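Residues in the sequence shown are numbered from 25 upward in steps of one, following this note's numbering.
The beta-carbon is built from N, C-alpha and C at its ideal position, and this holds for glycine as well.
Every value quoted in this text rests on a predicted model; they were computed, and no experiment measured them.
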Amino acid sequence: MEKTRGFICKALLVLLTAFVLLAASGMLATASENANVLYVLAHQDDELGCAGKIMSDIRDGKNVNVVWITDGALHVPAETREKESREAMRLLGVKQENLIFLGYPDASSYKHVKEAFEDALKVARTLSPVEITSIAYEGGHIDHDLTSLIASLIVKEVGGNPPHYEFPLYNTLRGSYRYAKFLPRDDTETMTVRLDKKMAQAKTSMLDAYESQASIVSPLRTIMTGKMLKEEPYRAAPEYDYLKPPTEGRLGYEYSTSMPRTFSDWLEYVEPFLVELKKAESN
């Protein structure tokens, strides 16, 4: 009788252990699936460059959150730009309550680097994201470069050491204009998100959402064919020196006629901010 009772106790203990392990496994899976990811963008159409990755994250069960640094209102009211991005995000399946618009001046957000960083950091600390994605530091647009800088600083401030991924929008290399291609680097490997038919259709449909950006969207309809609707590049963001230009020669935003900016303009605001930040860290 004692042997039987002992056998039953051992069996129950084994079953209980198995149940606890399965429950823990389920909770971990659920936690992973519901994990927050954060995208740091500049303008209300930049999401076109990472739409496939956003959809891939949603399919993986991640909770996608997006923060836009600028108001996008250089030529169009901010309310219009926000409405357009909200529609684009709806097409991708992102929850409306997960969209945050910080509203810093379009083409001049770098002049507010400290405030923009602090606001974005507040968002990140609330979310505790498991990964952060931004536009690459590529010199295509000065606001784009700010997203890279801010994201690189956020990953050092929030807990959990989340990886920082980046995607390209546009840049110039040796005077040649390039779209959706990274500036070459030897210290990081380019990865791709494969777009299936449904994802490609959603990305194409996004173009209709940006009615105010017709002059930009029209050329994109021609560009976004073939390979660009089959895959999207992204990579782990390398360690950039934001006090040095991202590439040699004239930067993309230095060619602009409507909003001319120079790397010296960038340094005027970014350098003292980084110096002040370094001093604060050492105290």
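G73 sits in a helix when the DSSP states are folded into three classes.
Collapsing the DSSP output to three states places G183 in coil. Looking at the backbone, the Cα of A144 and that of H168 are separated by about 14 Å. Spatial neighbours of L197 in its own chain (CB-CB distance under 7 Å, excluding positions within 5 residues in sequence) are listed in chain order as L207 and T271. A175 counts as buried, since no fewer than 16 other beta carbons sit within 10 angstroms of its beta carbon. Nearest in C-alpha terms to N58, of all of E155, G273 and H188, is E155. Burial state of R218 is exposed, judged by a 10 Å Cβ sphere holding fewer than 16 other Cβ atoms.
If you compare the alpha carbons of P243, L62 and A75 with that of D220, the shortest gap goes to A75. Taking a contact to require three or more Cβ pairs closer than 8 Å, the segment 250-266 and the segment 104-112 do not qualify as touching. Shortest Cα-Cα distance from R209 to any of R259, G184 and S229 involves R259. Bridge pairing for V61: V88 and E155 [DSSP]. I82 is the residue among D69, I82, Q68 and V64 whose C-alpha sits nearest the C-alpha of M223. The segment 184-203 makes no contact with the segment 222-239, as fewer than three CB pairs between them are under 8 Å. A direct Cα-Cα distance of roughly 26 Å separates K86 from G127. Rounded to whole angstroms, the Cβ separation of V137 and L170 is 7 Å, and the two are in contact under 8 Å. Under the DSSP assignment, T214 falls in the beta strand (DSSP E) whose first and last residues are T214 to R218. Per DSSP, reduced to three states, the secondary structure at T94 is strand. It is roughly 14 Å from the alpha-carbon of L123 to the alpha-carbon of D70. Taking the C-beta atoms as reference points, P187 is found no nearer than 8 Å to T214.
Ranked by Cα distance from G164, the first of S229, K205 and E139 is K205.
The shortest C-alpha to C-alpha distance from F297 to any of E162, E121 and A140 is the one to A140. Here W290 is actually not in contact with I178; their C-beta atoms are around 19 Å apart, not less than 8 Å. A Cβ-Cβ separation of about 17 Å leaves Y279 out of contact with Y134 under the 8 Å criterion. Residue pairing from DSSP places N195 in a beta bridge opposite R202.
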